[in-house]
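Worksheet: one structure, shown below.
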Amino acid sequence: MTKVVLAGAYGHGRSHLENLRRLTGRGLVELAGICDVRPVDAGTLDGLGTPDQAGPDGLAALIERTGAAITIVCTPINTHADLAVTALRAGSHVLLEKPPAASLADFELIASAQRESGLGCQVGFQSLGSSAVPALRKLISSGELGDIHGIGVAGAWERPAGYFTRSAWSGRRRLNGRDVVDGALTNPFAHATATALAVAGAEELGSVASVELELFHANPIEADDTSAARIRLADGRVITVAVTLCATGRTEPYLVVHGTGGTARLVYTTDELNGVVHPRADLLENLVEHVTTGAELLAPLARTGAFMEFLEAVRLAPDPLPIAEEHQRIHPDRREVPGVRELTDLSAGRLALFSELGAPWAGRRELRVEGTPVASYVWRPALPATDAPRPYLYPVRTRGGVEVSEFHPADHVHHLGVSLAIADVGGVNFWGGRTFVEGSGPAWLGDHGHQRHDVFEELDEGFREALTWVGPDGAALAREQRTVLARPARQAWALDFGFTLTVAEPLEIRSSACKGRPGAGYGGFFWRAPMASAHLDVFTAEAEGEHAVHGSATRWLAMVSGAWSLVFVQVGPPDPWFVRVAEYPGAGPALAWDRPLKVARTLSRRVVTVVADGRLGRTAAAELAAGIG
1177 MTKVVLAGAY GHGRSHLENL RRLTGRGLVE LAGICDVRPV DAGTLDGLGT PDQAGPDGLA
1237 ALIERTGAAI TIVCTPINTH ADLAVTALRA GSHVLLEKPP AASLADFELI ASAQRESGLG
1297 CQVGFQSLGS SAVPALRKLI SSGELGDIHG IGVAGAWERP AGYFTRSAWS GRRRLNGRDV
1357 VDGALTNPFA HATATALAVA GAEELGSVAS VELELFHANP IEADDTSAAR IRLADGRVIT
1417 VAVTLCATGR TEPYLVVHGT GGTARLVYTT DELNGVVHPR ADLLENLVEH VTTGAELLAP
1477 LARTGAFMEF LEAVRLAPDP LPIAEEHQRI HPDRREVPGV RELTDLSAGR LALFSELGAP
1537 WAGRRELRVE GTPVASYVWR PALPATDAPR PYLYPVRTRG GVEVSEFHPA DHVHHLGVSL
1597 AIADVGGVNF WGGRTFVEGS GPAWLGDHGH QRHDVFEELD EGFREALTWV GPDGAALARE
1657 QRTVLARPAR QAWALDFGFT LTVAEPLEIR SSACKGRPGA GYGGFFWRAP MASAHLDVFT
1717 AEAEGEHAVH GSATRWLAMV SGAWSLVFVQ VGPPDPWFVR VAEYPGAGPA LAWDRPLKVA
1777 RTLSRRVVTV VADGRLGRTA AAELAAGIG
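Following this line, the structure appears as structure tokens:
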């Protein structure tokens, strides 16, 4: 009988005790020791003898005393690395619960200890023990499904409020300064992603090219309980995962393989592939066979490397956004997001994220400065074509909570808070509203384009975003790399907005002024401010008032009211300022003030806006502008 030590006998550890009892009855294993922070009573161990017991600090000594060949690690996620490394160095093979570790660095520590020890480390992704996975891979390789372009995964469960308070680490991203990453994607539905990666044959480190995430929570927790992800593999294929713990009841999670010749469906919890149930091997039993006969492991640590790349992206992502209570049904014992089960199904069928499916609580992310929310960035806007749909920042607030942006105002409904909007890019309207026609005036031409979000890259203080500028005919006119950061600036904060447009072929950028409308040089980074309750002033270092600053090419410009101040700073050679105060409050640098701007290949600009509470004077504004480089 192979001697086994169990680290973590409570919670999910009870299922391991049941499995040990089964395998003990078959004469395969002996439970030689238990390692837990609490003693385990004899009743719990009925049928398992009287194993030696120790605390977590005594795991190595417990393994040595008992001569255990296998250690099962079923403890909080943030303890996996320490205990797995301890067991391997003590000479014990390991069955490690999923997820393997709370970070990629911890995973690599375990992998290093495994290589040094030469011992086996099996990860507890039970679905990888199913013969349905190799059967589906064989179906894919046969060509019966045609060319595979994606795999969609859906999971919708119900969890009571107590699920998120069952332990100190439940629903946490961090605990006592250590990563936990206990969210829907990385713990209860970790099997979903691991199984999809296995089906795709993309399991080891280096298999994942990028991860796009939409993390949300309806429950008052740190981690995600409702999320979607798009994983782009190194070979170009795509996996989408849409899961929730806020459905009603439980349906079995599944994955759909999409090919040009058809689809295949695997319910990974029941091992059902296209209606046929396949057998599943027990991972502990397989590990015993590995120890005693050298049998190949079904879920070795190395084959979970791609999953850990995915988990690392979740770990490093901004904290999940709350789903507003207006989009929930709050029951006495749980929270429900109406329609979310259907959204997970749609996601798996269309390989789409929640925001792309029109979920009212998705498509928006929050910018924070030292923990204070200061702006929302809407990157999947539901807008009519005549608004030239594009990502925008709204609402934007001072650190004191005063709103400093306006959205869809009655005077210009296509003004969208803070955005990058250009009146004419190669003949396409990316500003919204009517297009100015030389010699006749504004007209509706059906020439509106839109800016399509492609992917985010997370940065310390914000994000980098890739976008495509698409014309009314669906053709891509330009690609954009945009950087949006939120930084503290003394008692205020600064929005750092930079972009680089790369055009498909040389073109001209024009404003209405280029076509004969005097003073209408608008186009570029544009900030629509709210109507001020107190007198609104606008000034630069050299001049004051709308008439004096409109069209001036200075490094900085300030717009101030009694409640807020905005100091716009151009980093690099300045463009003329487009400024409105009397008609409506708005400002931004003008790319094509009175003559077309020819773009042969790329166009780059950067504007940093200091957002402050109260009214700033010229000296204070100049000091803030001087601190921006």
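Quick note on numbering: our numbering labels position 64 of the sequence shown as 1240, and the sequence is numbered without any gaps.
Beta carbons: idealized from backbone N, C-alpha and C, even for Gly.
Checklist line | Whole runs of the alpha helix (DSSP H) within the stretch 1180–1224, excluding any shorter than 4 residues | finding: The stretch 1180–1224 contains these whole alpha helix (DSSP H) runs: 1189–1201.
Next item on the list: Have a look at the DSSP bridge pairing and note the partners of M1735.
Entry: V1714 and L1742
Next item on the list: With distances taken Cα to Cα, identify the nearest neighbour of D1623 among V1613, L1773 and V1387.
Entry: V1613
Next item on the list: Could you check if H1629 is buried or exposed, using at least 16 other CB atoms within 10 Å of its CB as the buried criterion?
Entry: Only buried fits H1629, as 16 or more other CB atoms lie within 10 angstroms of its CB.
Margin query: Between which two residues does the beta strand (DSSP E) holding E1684 run?
Written below: L1683 to R1686
Notebook entry, point to check: Can you give the Cα-Cα distance for P1565 and G1647, rounded to whole angstroms?
Noted result: Taking the straight line joining both Cα atoms gives about 11 Å.
Next item on the list: Keeping to the same chain, check which residues put their C-beta closer than 7 Å to that of A1798; ignore five residues upstream and five downstream.
Entry: In chain order, A1717 place their CB closer than 7 Å to the CB of A1798, counting only its own chain and leaving out the 5 sequence neighbours on each side.
Item checked: Contacts around L1487, its chain only, beta-carbon distance under 7 Å, and the 5 residues preceding and following it disregarded -> P1275, V1357 and T1362
Check: At what residue ranges does the stretch 1585–1657 contain a whole run of the beta strand (DSSP E), taking only runs of 3 or more?
Finding: 1594–1601, 1604–1606, 1611–1613, 1617–1619, 1626–1635 and 1638–1646
Notebook entry, point to check: How many whole angstroms separate the CB atoms of S1403 and A1360, which I take to be in contact at a CB cut-off of 8 Å?
Noted result: Correct: roughly 6 Å between the Cβ atoms.
Checklist line | Option nearest E1722 by Cα separation, candidates R1666, P1750, V1755 and A1710 | finding: V1755
Checklist line | Helix, strand or coil at S1780 [DSSP, three-state] | finding: The three-state reading of DSSP puts S1780 in strand, counting E and B together.
Margin query: Using the Cβ count rule (16 or more neighbours within 10 Å means buried), how would you classify A1245?
Written below: Answer is buried; the Cβ neighbour count reaches 16.
Notebook entry, point to check: DSSP three-state call for T1362: helix, strand or coil?
Noted result: coil
Check: Beta carbon of I1263, beta carbon of L1285: below 9 Å?
Finding: The sequence given here places Ala at residue 1263; Ile does not occur at that position. In this structure, L1285 does not lie closer than 9 Å to A1263 by Cβ.
Notebook entry, point to check: Below 8 Å, can you find three or more Cβ-Cβ pairs linking the stretch 1572–1587 to the stretch 1781–1795?
Noted result: With the cut-off at 8 Å, the stretch 1572–1587 and the stretch 1781–1795 touch.
Checklist line | Residue(s) in a DSSP beta bridge with R1573 | finding: E1579
Check: Straight-line CA distance for A1230 to L1238?
Finding: 7 Å
Note to self: Using C-beta distances below 8 Å, list every residue in its chain close to V1775, excluding the 5 sequence neighbours before and after it, in chain order.
What the structure shows: L1677, V1679, P1682, L1683, E1684 and I1685, listed in sequence order.
Check: Beta carbon of V1329, beta carbon of V1432: below 9 Å?
Finding: yes
Margin query: So, for R1441: in the same chain, excluding its five sequence neighbours on each side, which residues have a beta-carbon less than 7 Å away from its beta-carbon?
Written below: Y1430, V1432 and N1450
Note to self: Let me make sure I understand the geometry here. Which of A1418, A1763 and Y1568 has the alpha-carbon closest to that of L1519?
What the structure shows: A1418
Check: Would you call R1771 buried or exposed, if buried means 16 or more other Cβ atoms sit within 10 Å of its Cβ?
Finding: exposed
Item checked: S1552 in three-state terms, based on DSSP -> S1552: strand per DSSP, three-state reduction.
Margin query: Comparing C-alpha positions only, which one of L1653, V1181 and W1607 sits nearest to L1592?
Written below: W1607
Note to self: Please return the same chain residues whose Cβ sits closer than 6 Å to the Cβ of P1496, not counting the five positions on each side in sequence.
What the structure shows: L1391, F1392, H1393 and D1400
Note to self: Considering just the uninterrupted stretch of the beta strand (DSSP E) at D1228, what are its terminal residues?
What the structure shows: D1228 to A1230
Check: Can you name the start and end residues of the alpha helix (DSSP H) that R1510 belongs to?
Finding: Taken as a continuous stretch (DSSP letters only), R1510 belongs to no alpha helix (DSSP H), as it is neither H nor E.
Note to self: If contacts are defined as beta-carbon pairs under 8 Å, then I1804 and V1745 qualify, I think. What distance do you get, rounded to the angstrom?
What the structure shows: 5 Å
Check: Does the stretch 1302–1318 come close enough to the stretch 1501–1514 that 3 or more CB-CB pairs lie under 8 Å?
Finding: No, the stretch 1501–1514 does not touch the stretch 1302–1318.
Next item on the list: Would you please state the rounded distance, in angstroms, between the beta carbons of E1388 and A1405? I believe it to be under 8 Å.
Entry: 7 Å
Next item on the list: Closer than 6 Å by C-beta to R1354: which residues in its own chain qualify, once you throw out the five before and the five after it? Chain order, please.
Entry: N1254
Next item on the list: May I have the straight-line CA-CA distance separating G1748 from R1693, to the nearest angstrom?
Entry: A straight-line Cα-Cα distance of about 27 Å links G1748 and R1693.
Margin query: Taking 9 Å as the threshold (C-beta atoms), are T1371 and S1303 in contact?
Written below: yes
Margin query: When you compare the CB positions of A1278 and T1416, do they come within less than 9 Å of one another, or not?
Written below: no
Notebook entry, point to check: Would S1616 be called buried (16 or more neighbouring beta carbons within 10 Å of its own) or exposed?
Noted result: Under this definition S1616 is an exposed residue.
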